[in-house]
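Data block below; observations after.
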Amino acid sequence: MNEQAKKYWKEFWQGEFPPTNVTAEQWGWEGTPMADELADLILKGIKTASCSSYDECLYYDEAPLSKIGSYTIVLNSKDEPVGIIKYTDMTVMPMNEVTEEIARAEGEGDLSYDYWYKVHKKFFRELLPQIGKEFYEEIPLAVERFELINAKEMS
């Protein structure tokens with residue numbers, strides 16, 4: 001976690017002992033406009049869910065289901081903190097069972113399931129071979145739900 005994120009986290013808790021289950025990260029492709037676009041959707045309350053390939057989580061030894069109750073400091077493309085989210089729910093489900101409601105909660109594009117499926121299928125077709133896996137309709141996804149608990153005032 002960079003110094004700006006540490007400072008923001010400490011200031012947010014205003015002298016209380018802050019929880020230690022926090023990370024800081026850019027969303028989407030780091031250092032690109034996509035990181036800013038996704039951060040903006042989170043700050044506007046449009047994006048309240050995300051998903052990852054469960055196989056990718058296992059490959060990188062991440063435990064997405066243990067995130068419930070933890071926090072992430074959302075960073076923009078310049079690694080500046082812009083908000084804090086708290087994870088409220090995690091579910092592992094096959095990609096072909098994602099609902100329209102989940103697709104809408106991801107907050108991207110026209111908010112439709114068709115848009116969500118098209119862009120995620122393309123994304124996972126490119127990602128999975130990098131970890132020795134292939135795309136198929138039922139790939140397991142880690143679906144994360146979160147709430148915005150603070151949007152940083154920009155100076």
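Under full-length UniProt numbering, the sequence shown has 62 at position 62, and the numbering climbs by one with no breaks.
All residues carry an ideal CB built from backbone N, CA and C; glycine is no exception.
| query | result |
| --- | --- |
| Residue interval of the beta strand (DSSP E) (run including Gln26) | 22 to 26 |
| Glu147, enclosing beta strand (DSSP E) - first and last residue | 140 to 151 |
| The segment 74 to 84 / the segment 146 to 153 touching (three or more Cβ pairs under 8 Å) | yes |
| Residue interval of the beta strand (DSSP E) (run including Ile73) | 71 to 75 |
| Between the CA atoms of Asp61 and Pro140 - distance to the nearest angstrom | 16 Å |
| Integer Cβ distance of Ile68 from Val22, believed to fall under 8 Å | So it is not a contact: roughly 14 Å between Cβ atoms. |
| Span separating the alpha-carbon of Ala49 from that of Pro18 | 24 Å |
| Given 8 Å, three or more beta-carbon pairs between the segment 29 to 40 and the segment 120 to 128 | no |
| Stretch-stretch touch, CB-based, cutoff 8 Å, three pairs: the segment 127 to 146 with the segment 87 to 104 | yes |
| Given Gly26 as reference, the closest of Leu128, Ser66, Ser112, Asn2 once Cα atoms are compared | The question names Gly, but residue 26 is Gln in the sequence shown. For Gln26, the nearest C-alpha among the options comes from Asn2. |
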